[in-house]
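Heads up, the thing below is written out as structure tokens.
Residue numbers (the numbering used here): 86 to 503.
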């Protein structure tokens with residue numbers, strides 16, 4: 086497990102820059118503000134990082150361009166143009182007194198507010214950018230959170246008593262599938278996936294008889310997710326609570342560890358809604374307006390919800406068409422779901438529920454252009470965990486499927502479905 090993690094980290098040295106997305110500026114400047122930098126200094130460091138990434142991409146693209154590969158490096162030109170473009174808006178906003186909050190005013194205030202209420206990821210970044218600087222700090226933080234996700238997959242599968250080979254396969258799959266690629270980008274998705282996997286590990290512990298530790302772990306993960314992205318805490322709490330309800334209904338007994346776990350998930354949902362309201366976090370209506378107005382670049386829509394539903398339907402039609410054109414994603418999800426259900430039906434319900442938060446997240450933002458499917462990336466957790474379970478069932482055909490709905494008082498007393 087450690088060797089695989091080290092190899093993955095070393096391979097990431099091939100690309101320490103140019104992984105940023107438009108959201109990275111907000112998170113990085115937030116972290117720099119928490120570190121004590123002035124808005125001007127935070128803006129300078131953030132813009133330098135973004136422009137260095139753009140220059141790196143331009144230089145690599147030109148090096149393999151069949152027409153322009155012999156020309157001089159475009160690095161200086163790209164950096165200069167990027168800095169002019171970035172500073173143009175920031176300087177004007179800072180001069181106008183837009184210094185409130187933690188984030189450098191790269192965007193309109195309403196859009197900035199969406200990131201102001203996500204302190205978890207910037208807090209996570211602070212020690213890295215403080216000790217290693219911006220470029221290597223962001224790289225190291227991404228490596229740490231991605232490696233942690235793979236290790237959590239390994240621990241999760243071993244908790245379910247999958248073979249060591251299957252657990253290592255799950256770790257590798259997490260790194261090589263889009264979940265690993267997305268986690269390496271400096272934005273919240275990597276931390277969200279790691280915390281979601283930790284919550285799934287808690288569910289596995291409950292099913293394996295370690296109810297107290299598992300329940301506390303799930304509750305802690307929901308609390309952490311609230312600081313990282315409160316909508317994800319809401320979705321995960323709802324889905325895990327629904328999974329508990331399904332398992333309890335099938336068992337026809339509304340007591341035991343699953344009821345406690347369901348209560349914790351329900352309390353997480355209630356706490357998320359109440360705290361978000363008390364702290365005046367952006368509402369669903371604000372999120373819809375952000376989507377339909379291009380991050381508030383246009384006037385608010387008078388009737389946003391009918392337009393949103395129309396866009397929602399069109400999005401999923403186009404999304405399915407593209408998936409059928411390149412069906413690897415759908416095939417992986419179906420195979421992983423089947424494998425999880427064959428190997429451990431009770432846990433499969435939790436796995437499908439947690440992965441389903443990716444679908445909910447995408448449905449809340451039906452934008453087909455957002456960075457290669459990062460909004461739905463949590464659905465890739467299903468192949469990362471489910472395919473090794475399928476592999477274990479095939480390689481070890483003599484092993485019995487674990488279908489216990491509720492654990493007994495110890496690890497060895499889970500009910501057997503077959």
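Where is the CB? At the ideal position from N, CA and C, for every residue including glycine.
Problem set entry | 8 Å contact criterion, which residue 325 and residue 282 should meet: CB distance rounded | As a first step, residue 325 is located in the chain shown; it is residue number 240 there, counting from the start. As a first step, residue 282 is located in the chain shown; it is residue number 197 there, counting from the start. Between residue 325 and residue 282 a beta carbon distance of about 13 Å is seen, past the 8 Å cut, so the two are scored as non-contacting.
Exercise. Hey, how far is the Cα of residue 139 from the Cα of residue 168?
Worked result: Counted from its first residue, the chain shown places residue 139 at position 54. Counted from its first residue, the chain shown places residue 168 at position 83. A straight line joining the alpha-carbon of residue 139 with that of residue 168 spans about 11 Å.
Problem set entry | Cβ shell of residue 86 (< 7 Å), same chain only, five flanking positions each side left out | Walking along the chain shown from the start, residue 86 turns up at place 1. Excluding the 5 residues flanking it on each side, residue 86 has same chain C-beta neighbours closer than 7 Å at 236, 239, 253 and 256, in chain order.
For this session: Using three-state DSSP, classify residue 498 as helix, strand or coil.
Result: For the purposes of this step, residue 498 is taken as residue 413 along the chain shown, with counting starting at 1. Unreliable positioning characterises residue 498 in this predicted model, as indicated by a pLDDT of 36, which lies under 50. The coordinate reading is nonetheless provided below. Residue 498 falls in the helix class under three-state DSSP.
Problem set entry | Option in 119, 378 and 438 with minimal Cα separation from residue 212 | By 1-based counting over the chain shown, the position of residue 212 is 127. The shortest C-alpha separation from residue 212 is found at 119.
Problem set entry | Straight-line Cα distance separating residue 360 from residue 374 | Within the chain shown, residue 374 is the residue found at index 289, counting from 1. Within the chain shown, residue 360 is the residue found at index 275, counting from 1. Residue 374 and residue 360 have their C-alpha atoms roughly 22 Å apart.
Exercise. Where does residue 450 fall in DSSP's three states?
Worked result: Residue numbering aside, residue 450 sits at position 365 when the chain shown is read from its first letter. In the structure shown, residue 450 sits in coil (DSSP, three-state: anything other than H, G, I, E or B).
For this session: Report yes if the C-beta distance between residue 424 and residue 472 is below 8 Å; otherwise report no.
Result: Here residue 424 is taken as the residue at index 339 of the chain shown, counted from 1. Here residue 472 is taken as the residue at index 387 of the chain shown, counted from 1. In this structure, residue 424 lies near residue 472, with their beta-carbon atoms less than 8 Å apart.
Problem set entry | Between the CA atoms of residue 259 and residue 230 - distance to the nearest angstrom | By 1-based counting over the chain shown, the position of residue 230 is 145. By 1-based counting over the chain shown, the position of residue 259 is 174. Taking the straight line joining both Cα atoms gives about 12 Å.
Exercise. Considering only the beta carbon of each residue, do residue 188 and residue 367 sit closer than 8 Å?
Worked result: By one-based count along the chain shown, residue 188 stands at place 103. By one-based count along the chain shown, residue 367 stands at place 282. Against a cut-off of 8 Å, the Cβ pair of residue 367 and residue 188 comes out as no contact.
Problem set entry | Proximity of residue 275 and residue 222 at Cβ, strictly below 8 Å | As a first step, residue 275 must be located in the chain shown, where it is residue number 190. As a first step, residue 222 must be located in the chain shown, where it is residue number 137. Taking 8 Å as the Cβ cut-off, residue 275 and residue 222 do not qualify as a contacting pair.
Problem set entry | Cβ distance (whole Å) where residue 251 is taken to contact residue 242 below 8 Å | Position 166 of the chain shown, counted from the first residue, corresponds to residue 251. Position 157 of the chain shown, counted from the first residue, corresponds to residue 242. Confirmed, about 6 Å.
Exercise. Just how far apart, CA to CA, sit residue 296 and residue 343?
Worked result: Residue 296 sits at position 211 when you count from the first residue of the chain shown. Residue 343 sits at position 258 when you count from the first residue of the chain shown. If you take the alpha carbons of residue 296 and residue 343, they lie about 8 Å apart.
Exercise. Any contact of the segment 345 to 361 with the segment 294 to 314, i.e. 3+ C-beta pairs under 8 Å?
Worked result: With the cut-off at 8 Å, the segment 345 to 361 and the segment 294 to 314 touch.
Exercise. Does the beta carbon of residue 211 sit closer than 8 Å to a beta carbon anywhere in chain B?
Worked result: No chain B appears in this structure, which consists of one protein chain only.
Exercise. What is the DSSP secondary structure of residue 379, counted as helix, strand or coil?
Worked result: Numbered from 1 along the chain shown, position 294 holds the residue referred to as residue 379. Coil, per DSSP.
For this session: Report the rounded CA-to-CA distance for residue 350 versus residue 369, giving the unit in angstroms.
Result: On the chain shown, residue 350 is found 265 positions in, with the first residue counted as 1. On the chain shown, residue 369 is found 284 positions in, with the first residue counted as 1. Residue 350 and residue 369: Cα-Cα distance of roughly 21 Å.
Problem set entry | Where residue 355 falls, given that 16 or more other Cβ within 10 Å makes a residue buried | One-based indexing of the chain shown puts residue 355 at position 270. Exposed, by the Cβ-count rule.
Problem set entry | Span of the alpha helix (DSSP H) around residue 97 | Taking the first residue of the chain shown as position 1, residue 97 is located at position 12. That residue, residue 97, is in no alpha helix (DSSP H); it is neither H nor E in DSSP.
Exercise. Between the segment 422 to 439 and the segment 397 to 411, are three or more C-beta pairs nearer than 8 Å?
Worked result: No, because fewer than three Cβ pairs between the segment 422 to 439 and the segment 397 to 411 fall closer than 8 Å, the two stretches do not touch.
For this session: Use the C-beta contact count for residue 205: other C-beta atoms within 10 angstroms, 16 or more gives buried, fewer gives exposed.
Result: Sequence index remark: in the chain shown, residue 205 carries index 120 (1-based). Burial call: buried.
Problem set entry | residue 196 (DSSP reduced to helix, strand or coil) | Within the chain shown, residue 196 is the residue found at index 111, counting from 1. In the three-state reduction of the DSSP assignment, residue 196 falls in the helix class, which pools H, G and I.
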